[in-house]
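> Numbering (this note's numbering), first residue to last: 1 to 368.
#1: According to DSSP, simplified to helix, strand and coil, what is residue 210?
#2: If you draw a straight line from the C-alpha of residue 190 to the C-alpha of residue 125, how long is it?
#3: Sort out for me which residues DSSP pairs residue 58 with in a bridge.
#4: What does the alpha-carbon distance come out to for the pair residue 93 and residue 205?
#5: Are residue 95 and residue 132 closer than 8 Å when you measure CB to CB?
#6: Classify residue 323: buried if its beta carbon has 16 or more other beta carbons within 10 angstroms, exposed otherwise.
#7: With distances taken between CB atoms, is the gap from residue 284 to residue 86 smaller than 8 Å?
#8: Spell out the partners DSSP gives residue 87 in its beta bridges.
#9: If I'm right that residue 75 touches residue 316 with Cβ under 8 Å, what's the distance once you round it to whole angstroms?
#10: For the pair the stretch 115-122 and the stretch 137-150, tell me if three or more CB-CB distances fall below 8 Å.
#11: For residue 228, which three-state DSSP category applies?
#12: Pull up the distance between the alpha-carbon of residue 141 and that of residue 64, whole angstroms please.
#13: Going by beta carbon distance, what residues of the same chain come within less than 6 Å of residue 198, once the five residues before and after it are set aside?
#14: Alpha carbon to alpha carbon, how far is residue 15 from residue 209?
#15: If we require 3 or more residues per run, which beta strand (DSSP E) segments fall completely within the stretch 89-141?
#16: Measure how close the beta-carbons of residue 351 and residue 326 come, nearest whole angstrom, since I'm counting them as under 8 Å.
#17: With 16 as the cutoff for other CB atoms within 10 Å, does residue 157 come out buried or exposed?
Here it is as structure tokens:
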């Protein structure tokens with residue numbers, strides 16, 4: 001080998017090393033950039049939006065109730081993880097991450113005399129993408145109808161219920177980028193009056209160049225305004241009390257205001273801080289930007305043992321929110337093993353509230 005050839009070889013090796021350094025620098029830069037985006041997202045809320053919270057100005061607030069014991073136990077920092085049927089709520093961009101047919105049933109005695117239920121079915125369709133169907137309901141026990149003339153009750157009973165039915169679709173655009181969306185029909189009813197609306201969700205998950213680091217983004221409940229209508233709004237009026245002989249019982253109806261859906265934007269990061277053949281530790285943080293409150297931060301972590309047989313989770317909700325209601329979350333998931341493709345996940349989550357009773361959540365997921 002001549003001296004010139006040795007020089008060329010040395011230059012090639014040096015160039016190869018430089019390219020590796022550049023690639024590594026780009027990876028690190030991408031990760032730092034993602035973290036900066038999340039920080040700026042939160043600082044924007046601290047700068048001026050905290051003064052205008054608009055609490056109580058949206059309809060169908062039950063759409064903000066989280067789904068799935070695992071995500072709730074992680075402090076609701078789940079938008080960048082979303083790899084089970086609860087992705088139908090958190091981020092439809094996570095649907096392509098589900099490899100098998102899966103059915104999730106989620107139940108919670110939410111608050112006194114109020115019950116929350118969710119059922120979601122996810123169907124991976126190979127090259128076509130992944131389809132999901134979900135039904136969420138919030139219902140109350142029957143209560144007595146009271147009036148000023150009958151404060152102890154008229155003998156009638158009434159109840160209230162809220163239901164949303166969603167159809168979702170997601171697919172992988174590349175090995176590192178997935179996207180999905182949901183269209184949903186929303187109905188809220190109290191006694192003989194109700195309101196309906198149509199909402200849309202969209203979300204993505206991006207596997208960054210740094211192994212174990214993921215970024216998730218979703219917008220939930222973008223859609224129509226809701227106005228309540230029904231016979232309970234009917235009133236009898238005398239059109240002109242100054243005239244005698246006219247009809248004094250004309251039926252009129254109150255016209256209520258329209259209210260927006262509870263629009264929520266989520267931006268989150270998750271990172272596998274430790275991973276081996278049989279164990280894993282994942283940390284996550286989500287920035288939350290709703291249209292009916294100030295920005296806040298959710299943080300959580302989970303530790304998986306014995307090759308995902310047992311998962312222990314913990315987190316905290318609504319950090320940086322001045323008048324937060326939620327706090328500490330804890331939970332566990334158990335994944336017993338069966339032969340074949342059949343699988344079961346049993347999950348439990350505990351949610352602490354500041355002024356309301358604490359909530360327990362139970363989730364069963366079956367994959368096949």
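We put the CB at the ideal spot given by N, CA and C, even for glycine. Keep in mind it's a predicted model, so treat the numbers as computed, not measured.
If we stick to the structure as given:
#1: coil
#2: Cα-Cα distance, rounded: 39 Å.
#3: In the DSSP secondary-structure assignment, residue 58 is bridged to 260.
#4: 6 Å
#5: yes
#6: Exposed.
#7: no
#8: BP columns for residue 87 are empty, so no partner.
#9: 5 Å
#10: yes
#11: Of the three classes helix, strand and coil, the one that applies to residue 228 here is coil, per DSSP.
#12: Between the C-alpha atoms of residue 141 and residue 64 there is a straight-line separation of about 21 Å.
#13: 223, 224
#14: Residue placement at residue 15 cannot be trusted, given a pLDDT of 45 that sits under 50; what the coordinates show is reported in the next sentence. Approximately 21 Å between the Cα atoms of the pair.
#15: 102-111, 114-124, 130-140
#16: 7 Å
#17: exposed
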